[in-house]
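Contents: one structure, followed by commentary.
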Amino acid sequence: MWKTLLLAVVLWCFAFILESGTAAERFLIRNGQPEAEIVIASPAPRSTRLAAQELQHYLEKISGAKLEIVTEPTGKMPVTILIGTSAQTRQREISAADLKAGAYRIVSGTDWLALLGDDTDFKPIEPWPRNHRDLASGKVQAAWDAITGEHWGYPHSQLYKHYTGPTNLFGTPNEQLVDKVGQVNVWGFDERGSFNAVCGYLRSLGVRWYLPGVLGEIVPRQKTIPLPAIDQTVRPDFSLRTINFRFGVYGRDAALWAMRLGVRQPYGRQAAHGLDHMTHNADTLKNHPEWFALYGGKRDTQPGKRLNQLCYSNEELFQQTVRYVRAQFDHFDMDVVSVMPPDGYTAICQCEHCSGQDTPGRGYRGAFSDYVWEFVNRVAKEVRKTHPDRKISNCAYGTYTLPPEKLDRLEPNVQVIIVGGRRPTSADRESLRQLRSAWSRKTDNPIIIFENYPFTGRGFYLPAFIPHVLGESINETKGNSKGEDIWLTMDFSDKAIGYNHFLIYFTARMYWGGKDQDVDALFNEYCDLFYGPAAPEMREFFLYCEQHWREMEQEADQAARALELFSVAQAKVKPDSVYGRRMALIDQFLNGLRNKSIQLAQKRGPVPVLRLVGDPRGEIKIDGQLDDALWQNCPTASTGSLRELQTGRLPVYGTTIKSRWVGRDLYFAIRCEEEPGTQPRSTTTKNEDQALWYGDAIEILLSTESHSYYQLAINPAGALIDLDRGAEKADWFRWDSQAEVATQAGDGYWTAEVRIPVIQDENDPLHQVIGQRPTVSLPWHINVCRQRIRDNGAEYSAFAPTGTSGFHRPMKFAHFYGGLSHRFEAEPSVTDYLIASRKAEKLLQRRKYAAAQEAFVALAKEQGATDLQKSVALQQAAECARNLKDAAQADSLAGQIPLEAVQKTVSMQNLLAQREYEELIKQFKSENYASWPFWQVGEAAFARGTASARLKQGEAAEADLSTALKYTPDPRRRSHILLLLGENRENNLHDDAAALKAYRQNYEGAGRIGAADQFRSIEGAARILTRQGQYDAALQVLARADLKQLTGYWRHEMLIAQARTLAAAGRKQAAQQACQSVLQDDSASAGHRQAAETELKKLTAP
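The sequence shown: position 167 = 167 (full-length UniProt numbering), numbered continuously.
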């Protein structure tokens, strides 16, 4: 059947020629021999020369005949093919003057064929970067600053990525006009009208380009190609046809594929986040803090943040924005400049001028519309006074997606770009139509659509093969839209091109053909030509996916059916055939769906458990005090503590949780430890104010047996944001938990007390948590998380650490149920960073250092590992190397650590292990820990403090060890720090009182003495008390060691310490008995025997 279909395409091509007519039986190629030559101007624009090469290349592939490219007709051939504007086209009065935005004309005469359009060369305007070094060095920024007299961010940092040749040679006498194989080097910003004409003509001959490279080509074979009688002008449906191809990044094949599909990315327009480009630089953050948003009393000027939000009431920011826009119009000859806020804009500035300008009643997508668009409109109005022919752009996006209500109409020079205005993966097409219509009523200009297609590079795996949705949604915008700017993962390897090519091809070809462009015809042709014998089966596979792809995220049966249909199709072709190789690309992409199918069948991996015990009676008063009897007597099974989110380590500032179920309400008591003498950071006091996430917060995530999942975020001021993340994203904030919340702050802590009503009735999904009390058979899955935000770092922790940089990983949520103790089965095949790191840590604990080192190094190389995870894994690997006495390897591992503070800490630890105390102090004496991320200070201060103590630098050691104690959460490490503090105070500072205080902290209040540092502290305290003549007190301290229960090393150590105190007190007989107890014990070490004998000699000396 597929052969019949291929024949139909070839016959259609001949029908095109017959319909056009032939010119007195003239031919371009006859019987495999050339009867035409290709003529271009001299000099010719880049894209004209490329168009000539393209025609030459494919006519040869079709017929075997190679046509010559010349700059003047030679008279040797019966037919002349004219490409681009030249003297020859001017003689025939053929002009490209009205062929804008990639439009083209194909026209013929008795002995000639012309293919032309606008081929204007792009010329970059200085200053522009030739490579990343020009940006990183500050060279381009300095040149831009010299032009403007300001320190605005340079706006064209990505420009060099759009040229196929070496940018450092462009515009010089050594410019490489062609690459190594003779193909013309071009800019992505070049106009390509004649190239489009050539591709249009080649399509009439049956050529298609479905993928980059040869595998994606459909090239029919025919020995004779007649000269058509034709006069055809083809105009695109949109002037803007941008898909994020970067010609210098993704390779020649990808660039050619983009051009063949007819995309167009004109120079001179900006779309997204222009104000971020202007203000996100160190100079502006430092010298203009008032330009930035105020959150919780602080301007959002923290250096190193990915995003710093702005204050749109600030008059200086407004005036500078106007100047910035005008400078780009004047110097870079821009047509459209972006005045769009930085990304991630979820909280309005809290200064007195901005406060109250938001409209939270309009929901998330309209909350800042009036506020943001008023600023944009003001800028546009002012700029229009000097540049009436240029435009200001802003995206309808995020919290300012909806049109403003306070502006009846935007200034005529405002370009609206709707992000997600056509969103093909959205199920709600009508809402998108209404959004586009609402914006059209606000502006004189056609809208532009900005789309983020599914990003396979960020893990998208669903087979959303949706040709009809793509086609129909694009057709809907024709006549009302200027065009589109599409972004997706440009993965042209075999990993994801099996999916991405589908999106790109159907999108790009729907930009042509008018409102009635037939996507079904394109789709059927694609299946027939690209998959040959498997076309019917592939058509069925694609259509099934188009109908059911969303369900495959949760439904294993739907995913299995799609995979089954593909397998049937794949069986129709030979694996090594061209069709088999094409299908292998889709097969590769479908591995993500296969993995998801396995995951859907998997149980949860190892996660914590929180258990509700009994049926408690009584009342919990929601006041934040946590002093109710139900909390004071809360069973251990209903309590828990949080761990660092990515690594599972103890956070510097701990958090404990308790949970109770009373009646139909779920209660949580949460205590967050803080630095004594400081207050937690609250950035809002209002509910539903997303400024909350700029400060401290806890989050409760609830996936009930009925719904997944709910999110409640609470800050120390008691502000609450509640979301239903099981709804469509646009509806997340519509849900109201009706939770009751109270918070309290004390010295060194803050608390939150929460009552969450739970109902079983699903008729009101917008209010309260839907579910029933969890049981063993129908458990909930929950997480309780915390973020602590400070100028010197942020710490994230969770009851169930996710092993990622985010809280929202439902498969990592903890089991939550009521009833008797139960062990939930964990899926053994599940693995992640946390699971693998626990296995490596067990090897380290068992002193299998070589194996542990290998495991930690492998962890650091895991795909997707964060910089923190890599740093921690390499730090642990270095510890293994030190235990193996391999100093060189430890140093090598330290050098690979991506986070600077961790890298410096490990370097200190390596020097400490080598007893290079002086070198450690020499290298790191000037480190100011106040500027370090607070979560790394403890380890570094401990290392430097230990070195100082060893060098008898008492005051320096005291400062660092005290700092280490403040920032160290691990009880064992804290115990060691206290011991070192005591020893430093006793031996270096000669401050017995302070030393005694440190020693006592290590054992007073302890239930049982068992750790080495505790025994050493008891010895130290007894030693000081003995020197002070407080013998009974010293003996009481030694009694804490409980000699009756002790055996081995520490029994002998404590007996000798006891003997010394008794001897000092004049109780020689008791002292001798203590020494004899050591000597009579066969298990005593030689060192202890010698110490006992020495003490006995002292006691018996005259």
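C-beta atoms are modelled at their ideal positions from N, C-alpha and C, and glycine is treated no differently.
On the three-state DSSP scale, how would you describe residue i?
i, result
"K180", "coil"
"S431", "helix"
"R847", "coil"
"Y929", "helix"
"I700", "strand"
"R882", "helix"
"E1095", "helix"
"G640", "strand"
"Y749", "strand"
"C311", "coil"
"W487", "strand"
"V70", "strand"
"residue 1104", "Residue numbering for the chain in the displayed model covers 1 to 1102; residue 1104 lies beyond these limits and cannot be assessed."
"Y295", "strand"
"C395", "strand"
"W187", "strand"
"Q33", "strand"
"H1088", "helix"
"K482", "strand"
"W2", "Confidence at W2 is low in this model, with a pLDDT of 43, below 50, so its placement is unreliable and the value that follows should be read with caution. The answer is helix: DSSP assigns W2 an H, G or I state."
"L18", "Caution applies to L18, whose pLDDT of 40 falls short of 50 and renders its modelled position unreliable; the value that the coordinates give is listed next. Note: L18 maps to helix in three-state DSSP."
"L989", "coil"
"W735", "coil"
When the Cα of residue i is compared with those of the options, which residue comes out closest?
i, options, result
"R594", "I418, A560 and E150", "A560"
"S837", "G864, L820 and Q869", "Q869"
"I69", "T751, A556, S42 and I62", "S42"
"I782", "F807, S907, C880 and D761", "F807"
"V906", "E918, L893 and R915", "L893"
Can you list, in chain order, the residues of its chain whose CB lies under 7 Å from that of residue i, leaving out five sequence neighbours each side?
i, result
"N168", "R130 and N131"
"D335", "G268, R269, R390 and K391"
"N633", "none"
"T946", "L912 and L980"
"Q889", "A881"
"N377", "L407, L410, E411 and V414"
"A822", "First, the residue type needs correcting, since residue 822 is His and not Ala in the sequence shown. Here the set comprises V776."
Keeping to the same chain, check which residues put their C-beta closer than 6 Å to that of residue i; ignore five residues upstream and five downstream.
i, result
"E673", "Y653, G654 and Y749"
"R539", "C527"
Sorted by chain position, which residues of the same chain lie with C-beta nearer than 8 Å to residue i's C-beta, five sequence neighbours on each side aside?
i, result
"G21", "With a pLDDT of only 45 at G21, under the threshold of 50, the placement of this residue in the model should not be trusted, and no figure is reported."
"Q33", "A65"
"Y511", "P236, D237, F238, R241, G262, V263, I474, G483 and E484"
"A15", "Interpretation of A15 is limited by its pLDDT of 42, a score under 50 that renders its predicted location unreliable; the figure taken from the coordinates is listed afterwards. Hits under 8 Å: none found."
"E553", "L462 and K596"
Check whether the Cβ atoms of residue i and residue j sit closer than 8 Å, and answer yes or no.
i, j, result
"G532", "V573", "yes"
"L28", "I225", "yes"
"F813", "S703", "yes"
"D867", "I789", "no"
"V784", "F799", "yes"
"A993", "T1026", "no"
"Y104", "G248", "no"
"L410", "K385", "no"
"N988", "A949", "yes"
"I714", "A752", "yes"
Going by the DSSP bridge assignment, what does residue i pair with across the sheet?
i, result
"I657", "G640 and I670"
"N452", "W487"
"N783", "L701"
"A114", "L82 and V107"
"D724", "Y710"
"I243", "I486"
"R264", "R241"
"V741", "V754"
Mind checking if residue i is an interface residue toward chain C, Cβ cutoff 8 Å exclusive?
i, result
"V1078", "Reference to chain C is not applicable here, since this structure consists of a single protein chain."
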